[in-house]
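Shown next, in C-alpha cells, is the structure this report addresses.
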Amino acid sequence: MSDPILALSGRRVLIVEDEYLIAHDMEYSLQQAGAEVVGPIPDAQQALALIKTSKLDAAILDVNLRKEEVYSVADKLSASGIPYLFATGEVQIADRSDYRSRPKLEKPILEDELLRAVGKLIQT
Amino acid sequence: MQELGRSNSDLKNFLESTQIATVFLDNELRVTNYTPAVTEIFHLIETDTGRPIGHIKSRIAYEDLQSDARRVLRTLAAVEREIESATGSHYMVRVLPYRSVDNFIAGVVITFVDITARKRVETALRESQERFRLVVENAQDHAIFTTDPEDRIADWYPSAEAVFGWSAEEAVGQSGSILFTPEDRRQHADEKEVETARREGSAPNVRWHLRKDGSRVFIEGTTTALRQADGSLRGFLKIGQDTTNRRKIDEALRASEMRQRALIEGIPQLVWRADEEGRWTWASPQWMSYTGQALEESLESGWLEAVHPEDRDVAMQAWEQAGRDGFLSVEYRVRRASDGAWLWHHTRSLPVRNISDRTVEWLGTSTDVDAIRQLHARQEILVNELQHRSRNLIGVVTSLATRTVGRGSPVESFTIRLKALSRAQALLSQSGSDTVEVRALVSAELAAHAVEASTRITVSGPKVLLASEQVQNFALAVHELTTNAVKYGALKGESGRLSVTWELISDEAGSERLALKWIESGVDLQPETVTRRGYGRELIDQALAYALGGRTDYALGADGVRCRIELPLV
Numbered sequence: 008m009s010d011p012i013l014a015l016s017g018r019r020v021l022i023v024e025d026e027y028l029i030a031h032d033m034e035y036s037l038q039q040a041g042a043e044v045v046g047p048i049p050d051a052q053q054a055l056a057l058i059k060t061s062k063l064d065a066a067i068l069d070v071n072l073r074k075e076e077v078y079s080v081a082d083k084l085s086a087s088g089i090p091y092l093f094a095t096g097e098v099q100i101a102d103r104s105d106y107r108s109r110p111k112l113e114k115p116i117l118e119d120e121l122l123r124a125v126g127k128l129i130q131t
Numbered sequence: 400m401q402e403l404g405r406s407n408s409d410l411k412n413f414l415e416s417t418q419i420a421t422v423f424l425d426n427e428l429r430v431t432n433y434t435p436a437v438t439e440i441f442h443l444i445e446t447d448t449g450r451p452i453g454h455i456k457s458r459i460a461y462e463d464l465q466s467d468a469r470r471v472l473r474t475l476a477a478v479e480r481e482i483e484s485a486t487g488s489h490y491m492v493r494v495l496p497y498r499s500v501d502n503f504i505a506g507v508v509i510t511f512v513d514i515t516a517r518k519r520v521e522t523a524l525r526e527s528q529e530r531f532r533l534v535v536e537n538a539q540d541h542a543i544f545t546t547d548p549e550d551r552i553a554d555w556y557p558s559a560e561a562v563f564g565w566s567a568e569e570a571v572g573q574s575g576s577i578l579f580t581p582e583d584r585r586q587h588a589d590e591k592e593v594e595t596a597r598r599e600g601s602a603p604n605v606r607w608h609l610r611k612d613g614s615r616v617f618i619e620g621t622t623t624a625l626r627q628a629d630g631s632l633r634g635f636l637k638i639g640q641d642t643t644n645r646r647k648i649d650e651a652l653r654a655s656e657m658r659q660r661a662l663i664e665g666i667p668q669l670v671w672r673a674d675e676e677g678r679w680t681w682a683s684p685q686w687m688s689y690t691g692q693a694l695e696e697s698l699e700s701g702w703l704e705a706v707h708p709e710d711r712d713v714a715m716q717a718w719e720q721a722g723r724d725g726f727l728s729v730e731y732r733v734r735r736a737s738d739g740a741w742l743w744h745h746t747r748s749l750p751v752r753n754i755s756d757r758t759v760e761w762l763g764t765s766t767d768v769d770a771i772r773q774l775h776a777r778q779e780i781l782v783n784e785l786q787h788r789s790r791n792l793i794g795v796v797t798s799l800a801t802r803t804v805g806r807g808s809p810v811e812s813f814t815i816r817l818k819a820l821s822r823a824q825a826l827l828s829q830s831g832s833d834t835v836e837v838r839a840l841v842s843a844e845l846a847a848h849a850v851e852a853s854t855r856i857t858v859s860g861p862k863v864l865l866a867s868e869q870v871q872n873f874a875l876a877v878h879e880l881t882t883n884a885v886k887y888g889a890l891k892g893e894s895g896r897l898s899v900t901w902e903l904i905s906d907e908a909g910s911e912r913l914a915l916k917w918i919e920s921g922v923d924l925q926p927e928t929v930t931r932r933g934y935g936r937e938l939i940d941q942a943l944a945y946a947l948g949g950r951t952d953y954a955l956g957a958d959g960v961r962c963r964i965e966l967p968l969v
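Protein sequences, first through last, are from chains A and B.
One rule links them: number in our numbering = place in the first sequence (from 1) + 7.
One rule links them: number in our numbering = place in the second sequence (from 1) + 399.
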C-alpha cells in the first residue's frame, strides 16, 4: 500500500474542533499535505450544515465540544458514508460499537500521526 | 348377803363395760380379776384366775411388770410407764396399790391405756419441728423470723442473722421496722406491709432492706399473718430471700443491654437481625423510620420490599454467598420513605456464635453510601475533565510553538505566550472552582509587564466570572494586547495612558455578554505599528470569535489602539 499521506492530496477534509489553536494547527498540517480543509468548525450545528452542503472525503472529530458532544455529527457522517476519526482528549468514547470501531487519536496529536490516520481513512 | 352379791354384779358389769384394760393382782401377784380389754395384752382366760401373772403369756415387752408390782406393794407409790407392744401399739401402764375398804393393801391394779394415736401425733409434731428447724437453720440466703402482733421480733433464726447482721439477742424485742430503709419508713411501708398481711393473710415484701451495718440488702419475700386456732392474731412470719447479688447481676446485665441498645439505635446505620438465610427476625427503629416499614412488615423476607426491584436478586444471591464465606457484603438501593428516593446502601453482616461456636443468628448493618458513590462518580468525571484539559493544553502549547518558533519567530515570542498561558492556568487552579474573574485576569497580565506604570493605567468593571473554557483564549487575547502596548503603545513611553473597562450587556435574545474596552491614549504612533499585522492580532481577532463566539473590533486611533471585545457568558 502506498504512503497514506499521498492520498490526502486534493481531498476535502472536515475538521470539527472547538479549540482554535489546535484546529488551525490541524488545518495547517493538512493544507501542507495538499488537502483541502472544510472548516474548521467549533460546534455541531455548523458542522451538520456543512455536511449537507459540502462534498467531503473524510472528517476529524473532537468528541467534547464547548456545549455538546460530537456524536450527532458522527451519526450524520455514518449515514452519508463519509469516513471519520475521533481526535480527542477524552479517555472514553461513548459505548456504542459504531463509535468504538472508529479510529481514535489521543491529544496531543503529532502531525505525522494525524496525516497518516486521515490518509488511511481516504484509502479504505 | 344379797347386797354384797349385787355389789359384785355391779363391779363385774363395770369391769366388762370399760374399755380400759385392767388386771387385778393379789399380794402374791396372782390374778384375781381383769377386764375383757386386757385380753388384748395377756392371754387370759377365766380359768387363769388365781394363777401368778408371771405364768401368763404376754403380748407386750414388759419385763419389769413383777418388780414394778412388788415395788408398789412395798412403797405404796404408783408407777407409770410407756410400753410398746410387738405390733407397734403404745400403752401407758399405771401400777396402783389395791386398797380394800378397810384400807389395807390387798394387791395392785394395773391399767393399760392405748396411747398409740397420741404417740403418733407427738412423733409427727417432733419430726415436723425438726424439719422446720433444719429448714430455718440451713436456709442461708433466706432470712426467717417471726414477730408478735405488734410486729416486735419474737423468733430470730440464724439465717436472719446471716442476712441482716443482727444477733438473736439484739434483734428479739425490737420492732420489725428496724429492717426498713429510712425512705420506706417515711412512707410507712413497714406499717402498710403488716397491715396488708393482717387484713389479707399475707403481703409481698420485695424491697431494699437495711442491715445492721447500714448497708442494704434486696429481699424478695412475704409477710404472713400467724393465727391461733381461735382465729386471733398470734404474730407474723417473715420469710425473704436475699437476692442482692442476683439483682446486681441483673442490673449489670440490664445496663449492658441498655448500652447495647443505645448503641444499636444510636448509630446512623440501619441495624437488623436475621437467620442464616436472610430472614429477618428484628429491625432497628432506624430501619423502620428510614423505609417506613413497620417491624412486622420487615420481618422474614419483608425487608426486600424496601430494596430496589432490580437489586433484589443481587441481595438474595449475596445471602447464598454469605453461607459459604461466613460474612455478607453487598450493595443495593434502599427506598427512603421521606422522599421515595432509592439510595445505595452497603450491607454487611456477620454470624453471631454462641459459646460452643454454633451460629445463632446474623447481625447486620446497612450503611448509606450513596453520597460516597456520587462523590466517586464525580471524581471520575473530574479526572476525565482534567485529562481533557491537560491534553488540550499540550495541544495549544504545541500549536503556539509551531506558529512562532516553527515559523522563524524568536524563541522569546513563544515563551512569553507560554507564560501568559501559565498565569491563566494558575488563576484557574487558585480559584478552586471552574471560574476566574475578569479583573483577576486583566490585572495578572498587566502586572506581569507593566508594574511600575500602574498610575497611568485604569482598570475598572463589575465582577464578572469567566468559565474555564473561556479563560485560556481570553487571557491570550489580553496578553497580546498588553505585549503590543508594551512594545509599541501606551505602556512603551512615558506619556501613554491605558484604560481597561468592562460592563455586562444583554443581546437581542436577552443573554448576558461581557463588553470590554481596551483604550490606549497619548501614544506617539510609529509608521511600522500602523501597518503591522502579526500573529498577535490573529489571536485577538480569530481565536475569540472562533472558540467563544466573541466579537472583536480592533482599531488604531489617532493616539493609540482602541479594542472592544464582546463575549457571550456561559
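We treat Cβ as the ideally placed atom computed from N, Cα and C, and that holds for glycine.
Check your understanding: Leaving out five residues before and five after Lys-127/A in sequence, what residues of the same chain have Cβ atoms less than 7 Å from its Cβ?
Key -> The count along the first sequence starts at 1 and reaches residue 127/A at position 120. Hits under 7 Å: Pro-11.
Practice item. Spell out the partners DSSP gives Thr-857/B in its beta bridges. Key: Walking along the second sequence from the start, residue 857/B turns up at place 458. Ser-898/B.
Exercise for review: Return the Cβ separation of Ile-48/A and Val-795/B in integer angstroms, given the expectation that the two are a contact with Cβ distance under 8 Å.
Suggested key: As a position in the first sequence, residue 48/A is number 41, starting the count at 1. As a position in the second sequence, residue 795/B is number 396, starting the count at 1. The pair is not a contact, with the Cβ atoms about 18 Å apart (cut-off 8 Å).
Check your understanding: DSSP beta-bridge partners for Gly-739/B?
Key -> Working through the second sequence from its first residue, we reach residue 739/B at position 340. DSSP lists no partner for Gly-739/B.
Check your understanding: Cα-Cα, which of Ser-16/A, Leu-72/A, Glu-26/A and Val-45/A is closest to Ala-942/B?
Key -> Reading the second sequence from its first residue, position 543 is the one you call residue 942/B. Ala-942/B has its Cα closest to that of Glu-26/A, out of Ser-16/A, Leu-72/A, Glu-26/A and Val-45/A.
**Study point:** Under 8 Å (Cβ pairs) to chain B, residues found in the segment 12-38 of chain A
**Key:** Asp-25, Glu-26, Tyr-27, Leu-28, Ile-29, Ala-30, His-31, Asp-32 and Tyr-35
Review point. Interface residues of chain B around Pro-49/A at Cβ under 7 Å?
Key: In the first sequence, counting from the first residue as 1, residue 49/A sits at position 42. Correct list: Tyr-945 and Ala-946.
Check your understanding: Comparing the C-beta of Arg-936/B with each C-beta of chain A, is any distance below 8 Å?
Key -> Counted from its first residue, the second sequence places residue 936/B at position 537. Judged by the 8 Å Cβ criterion, Arg-936/B is not in contact with chain A.
Review point. Hey, out of Leu-938/B, Ser-867/B, Leu-903/B and Val-922/B, whose CA is closest to Lys-74/A's CA?
Key: As a working note, residue 74/A is residue 67 in the first sequence. Nearest option by C-alpha distance: Ser-867/B.
Practice item. Taking 8 Å as the cut-off, decide whether the C-beta atoms of Gly-959/B and Glu-902/B are in contact. Key: Along the second sequence, read from residue 1 onward, the residue named residue 959/B stands at position 560. Along the second sequence, read from residue 1 onward, the residue named residue 902/B stands at position 503. No, they are not a contact pair.
Point to revise | Rounded separation between Ile-815/B and Leu-121/A - CA only | key: Your numbering for residue 815/B matches position 416 in the second sequence. Your numbering for residue 121/A matches position 114 in the first sequence. Using only the alpha carbons, I get a separation of about 28 Å.
Practice item. Measure from the alpha carbon of Ala-717/B to the alpha carbon of each residue in Ser-748/B, Leu-662/B and Val-733/B, then state which is nearest. Key: As a working note, residue 717/B is residue 318 in the second sequence. Considering only alpha carbons, the answer is Ser-748/B.
**Study point:** Sequence-distant residues of the same chain with beta carbon closer than 6 Å to Thr-844/B, five excluded per side
**Key:** Counting from one through the second sequence, the residue named residue 844/B turns up at place 445. This sequence places Glu at residue 844/B; Thr is not what is there. Result list for Glu-844/B: Val-877, His-878 and Thr-881, in chain order.
Review point. Roughly how far, in whole angstroms, is the beta-carbon of Leu-497/B from the beta-carbon of Ala-485/B, given that I think they are within contact range, below 8 Å?
Key: Counted from its first residue, the second sequence places residue 497/B at position 98. Counted from its first residue, the second sequence places residue 485/B at position 86. According to the sequence shown, residue 497/B is Tyr rather than Leu. Rounded, the Cβ-Cβ distance is 28 Å, inconsistent with contact.
**Study point:** Residues of its chain near Leu-762/B, where Cβ-Cβ distance is below 7 Å and the 5 sequence neighbours each way are ignored
**Key:** In the second sequence, residue 762/B corresponds to position 363, counting from 1. Hits under 7 Å: Arg-672, Ser-748, Leu-749 and Val-751.
Review point. Would a check of beta-carbon distances place Lys-111/A closer than 8 Å to chain B?
Key: Position 104 of the first sequence holds residue 111/A. No, because no Cβ of chain B sits closer than 8 Å to the Cβ of Lys-111/A.
Review point. Using a Cβ cut-off of 7 Å, which residues of the segment 864-890 of chain B contact any Cβ in chain D, in chain order?
Key: Going by chain labels, chain D is absent from the structure shown, which instead holds the protein chains A and B.
**Study point:** Beta-carbon neighbours of Gly-96/A, restricted to chain B and to distances below 7 Å
**Key:** Within the first sequence, the letter at position 89 stands for residue 96/A. Here the neighbours are Gln-786, His-787, Arg-790 and Asn-791.
Review point. Helix, strand or coil: how does DSSP classify Leu-403/B here?
Key: Residue mapping note: residue 403/B aligns to position 4 of the second sequence, counting from 1. It is helical.
Exercise for review: Compare the C-beta of Val-795/B against all C-beta atoms of chain A and say whether one is closer than 8 Å.
Suggested key: Stepping through the second sequence from its first residue, residue 795/B is reached at position 396. Yes, Val-795/B lies at the interface with chain A (some Cβ there is under 8 Å from its Cβ).
**Study point:** Neighbour-count burial assignment, Asp-501/B, 16 or more Cβ in a 10 Å radius
**Key:** The residue given as residue 501/B occupies position 102 in the second sequence. The residue is exposed, with fewer than 16 neighbouring Cβ atoms inside 10 Å.
Exercise for review: Kindly indicate if chain A contains any beta-carbon less than 8 Å away from that of Leu-781/B.
Suggested key: Indexing the second sequence from 1 puts residue 781/B at position 382. So, not an interface residue.
Point to revise | Same chain, Cβ closer than 7 Å to Lys-83/A, five either side skipped, listed in chain order | key: Numbered from 1 along the first sequence, position 76 holds the residue referred to as residue 83/A. Result list for Lys-83/A: Leu-55 and Ile-58, in chain order.
**Study point:** Collapsed DSSP secondary structure at Lys-637/B in the structure displayed
**Key:** Numbered from 1 along the second sequence, position 238 holds the residue referred to as residue 637/B. Here Lys-637/B sits in strand by DSSP.
**Study point:** Presumed contact (8 Å Cβ cut-off) between Phe-511/B and Val-437/B, rounded CB distance
**Key:** Residue 511/B sits at position 112 when you count from the first residue of the second sequence. Residue 437/B sits at position 38 when you count from the first residue of the second sequence. 7 Å between Cβ atoms; contact.
Exercise for review: Flag this pair as yes or no: are the beta carbons of Thr-421/B and Thr-448/B separated by less than 8 Å?
Suggested key: Position 22 of the second sequence, counting from 1, holds the residue named residue 421/B. Position 49 of the second sequence, counting from 1, holds the residue named residue 448/B. Cβ atoms of Thr-421/B and Thr-448/B: not closer than 8 Å.
Point to revise | Chain-ordered residues of the segment 60-79 of chain A with a beta carbon less than 7 Å from chain B | key: Asn-71 and Arg-73
Exercise for review: Measuring only between beta-carbons, confirm whether Pro-115/A sits less than 8 Å from chain B.
Suggested key: Taking the first sequence and counting its residues from 1, one reaches residue 115/A at position 108. At least one chain B Cβ lies under 8 Å of Pro-115/A.
**Study point:** Test: Ala-942/B CB closer than 8 Å to a CB of chain A
**Key:** One-based indexing of the second sequence puts residue 942/B at position 543. So, interface residue.
Review point. Using the C-alpha atoms, what's the distance from Tyr-934/B back to Lys-886/B?
Key: For the purposes of this step, residue 886/B is taken as the residue at position 487 of the second sequence. For the purposes of this step, residue 934/B is taken as the residue at position 535 of the second sequence. Straight-line Cα distance between these residues: approximately 14 Å.
**Study point:** Cβ-based neighbour list, Arg-1011/B, same chain, cut-off 6 Å, excluding 5 preceding and 5 following
**Key:** Examination of residue 1011/B is not possible in this model, given that chain B is present from 400 through 969 alone.
Check your understanding: Under a three-way DSSP split, which group does Leu-410/B fall into?
Key -> For this step, residue 410/B is matched to residue 11 along the second sequence. Leu-410/B falls in the helix class under three-state DSSP.
Check your understanding: So, using beta-carbon positions, are Asn-872/B and Ala-946/B closer together than 8 Å?
Key -> Working through the second sequence from its first residue, we reach residue 872/B at position 473. Working through the second sequence from its first residue, we reach residue 946/B at position 547. Cβ distance < 8 Å, so Asn-872/B and Ala-946/B count as in contact.
Check your understanding: Which residues bound the beta strand (DSSP E) around Tyr-887/B?
Key -> In the second sequence, residue 887/B corresponds to position 488, counting from 1. Per DSSP, Tyr-887/B belongs to no beta strand (DSSP E) and is neither H nor E.
Review point. By the criterion of Cβ-Cβ separation under 9 Å, what are the contact partners of Leu-799/B in chain A?
Key: Locating residue 799/B in the second sequence gives position 400, counting from the first residue. What Leu-799/B touches in chain A: Leu-28.
Practice item. With a cut-off of 8 Å on the beta carbons, I'd call Val-801/B and Arg-734/B a contact; round off their distance for me. Key: Taking the second sequence and counting its residues from 1, the one referred to as residue 801/B is at position 402. Taking the second sequence and counting its residues from 1, the one referred to as residue 734/B is at position 335. In the sequence as presented, Val is not what sits at residue 801/B; that position holds Thr. Wrong, their Cβ atoms sit about 57 Å apart, outside the cutoff.
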